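Just so we're aligned: the sequence shown equals residues 15 to 200 in the working numbering. Read the structure below first, then the notes.
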Amino acid sequence: MKNNKTAILVVDMLNDFVTGALKCDRGLSIVPKTAELLTAARQNGVSVIFCNDAHLKGVDHELKLWGDHAIAGTDGAKVIPELGVCETDYIVPKRRYSGFFHTDLDLLLRELCVDTVILTGLHTHMCVRHTAADAYCLGYNVVVASDATNSFTEEDYTNGIKYLKEVYAASAYTVNELIEIFKKSK
């Protein structure tokens, strides 16, 4: 994993997922580690990309299942302030689970010459999983930050991590391990 060929994908760490309409108490637990990882990434030349739900009210298919959440242009669709989006970060709006589905994420990663994505955020068994699926199918190496991802339940989280490893050959590292890798790969 080379820093200049790696990007962190922060999936749905939005107000509505952490404290709002689809609040996930377990999402709160990953905020400090996610913030620590993003700080280290920025300091070590690793791209940071936020893959954010930005739904069209009354239009998006997903809203039929989950109700209104992360409606484009609302506070609920903004990245939580604790993660401090920087001017060097990228934001890719999405209207489905995957950060790749009908977005320009793949184009952005290719223009950044990225070959490895590190997945963080919510939910390990849904949006993180679908983003990992597309990343894998598009030829990216998939890594998951095990203590910077979570789900509504421990079972969903555990099954999500297991699935990423078994089906997408994902490597799993803690934030501390990833930071050490960044330092060595400068």
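Positions of the beta carbon are idealized from the N, C-alpha and C atoms, including for glycine. Since the structure is predicted, the reported quantities are computational estimates derived from the model, not experimental observations.
For residue 107, the uninterrupted beta strand (DSSP E) segment begins and ends at 104 to 108.
In the structure shown, residue 144 adopts helical secondary structure according to DSSP, grouped into three states. Per DSSP, residue 28 lies in no alpha helix (DSSP H) segment and is marked neither H nor E.
Apart from sequence neighbours up to five positions away, the residues of its chain that approach residue 178 with a beta-carbon distance below 6 Å are 146, 158 and 184, ordered along the chain. The beta carbon of residue 118 sits closer than 6 Å to none of the beta carbons in its chain outside the five residues before and after it. For the set 59, 85, 131 and 135, the Cα lying nearest the Cα of residue 39 is the one of 135.
By the beta-carbon neighbour count (other beta carbons within 10 angstroms, threshold 16), residue 190 is exposed.
Distance check between residue 188 and each of 23, 51 and 35 places 51 closest, using alpha-carbon atoms only.
Residue 116 counts as exposed, since fewer than 16 other C-beta atoms from the protein chains shown sit within 10 angstroms of its C-beta.
Rounded to the nearest whole angstrom, the CA to CA distance from residue 174 to residue 31 is 17 Å.
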